[in-house]
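FYI, the working numbering numbers position 64 of the sequence shown as 64, with every residue one higher than the one before it.
C-beta atoms are modelled at their ideal positions from N, C-alpha and C, and glycine is treated no differently.
What follows is one structure encoded as structure tokens, with my remarks underneath.
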Amino acid sequence: MGKLTDLLQLAQERGRELGLPYAGALTPQEAHAVWRLAPGAKLVDVRTRAEWDWVGRIPGAIEIEWMSYPDNRPNSHFLPQLKQQVDREALLMFICRSGARSHNAAALVGEALRNDCYNVLEGFEGDKDANGQRGQLGGWRHAGLPWRS
């Protein structure tokens, strides 16, 4: 279990350096390893239904929209939906397209539910490249981690 401890310690140090209001931040590769190693850990994908359908899904992830599509309104049922699907003590990792919505979700859940929350840096698609397109610079999918269309 030393590897899990090392990964979480690294994520927590990164979180302190970045001044995050939750436990820490993980790269996609680290998040995948934690998900495999930590009993009961959950990966929560907070992208929209449209993103899951058109861009791709992560098998086994819990899917709860942070913002609704197409009106882009906050999901007022986010916390109750999450509470229905995760244990009170579960280690939670949040992922979105680029890491911004998941940062907000981790902050809210960490404060409201007191779970250990981590943000997945780079998200599913990573940052925009020089042409303004995602999918080439970082992200879960670019790292070759499990996903399906």
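Segment limits, beta strand (DSSP E) that includes residue i
{"i": "D45", "result": "42-45"}
{"i": "L26", "result": "24-26"}
{"i": "I95", "result": "92-95"}
Residue i - DSSP class collapsed to helix/strand/coil
{"i": "V158", "result": "Any property of residue 158 remains undetermined from this structure, which presents the chain solely from 1 to 149."}
{"i": "E63", "result": "strand"}
{"i": "M1", "result": "Caution applies to M1, whose pLDDT of 48 falls short of 50 and renders its modelled position unreliable; the value that the coordinates give is listed next. Here M1 sits in coil by DSSP."}
{"i": "L108", "result": "helix"}
{"i": "P39", "result": "coil"}
{"i": "D127", "result": "strand"}
{"i": "L20", "result": "coil"}
{"i": "S101", "result": "Note that residue 101 corresponds to Arg in the displayed sequence, not to Ser. Here R101 sits in helix by DSSP."}
{"i": "L145", "result": "coil"}
{"i": "R14", "result": "helix"}
Member of the options whose CA lies at the smallest distance from the CA of residue i
{"i": "N72", "options": "T48, D53, G60, N115", "result": "T48"}
{"i": "D6", "options": "E30, G144, Y22, L79", "result": "E30"}
{"i": "Y118", "options": "G24, L10, W54, L4", "result": "G24"}
{"i": "A41", "options": "H77, G56, D87", "result": "D87"}
{"i": "W54", "options": "G138, Q136, E125, G144", "result": "E125"}
{"i": "E65", "options": "L20, L18, F94, Q136", "result": "F94"}
{"i": "G123", "options": "Q136, G19, L18", "result": "Q136"}
{"i": "P21", "options": "G60, N104, G138", "result": "N104"}
Local Cβ density within 10 Å of residue i, reported as buried at 16 or more and exposed below that
{"i": "T27", "result": "buried"}
{"i": "D45", "result": "buried"}
{"i": "M1", "result": "Note that M1 scores a pLDDT of 48, beneath 50, so its modelled location is shaky and nothing firm can be said."}
{"i": "H32", "result": "buried"}
{"i": "R114", "result": "exposed"}
{"i": "E13", "result": "exposed"}
{"i": "R148", "result": "exposed"}
{"i": "E51", "result": "buried"}
{"i": "G144", "result": "exposed"}
Residue i, enclosing alpha helix (DSSP H) - first and last residue
{"i": "L79", "result": "78-85"}
{"i": "W54", "result": "49-54"}
Can we say the segment 117-132 touches the segment 77-85, given the rule of at least three CB pairs closer than 8 Å?
-> No, because fewer than three Cβ pairs between the segment 117-132 and the segment 77-85 fall closer than 8 Å, the two stretches do not touch.
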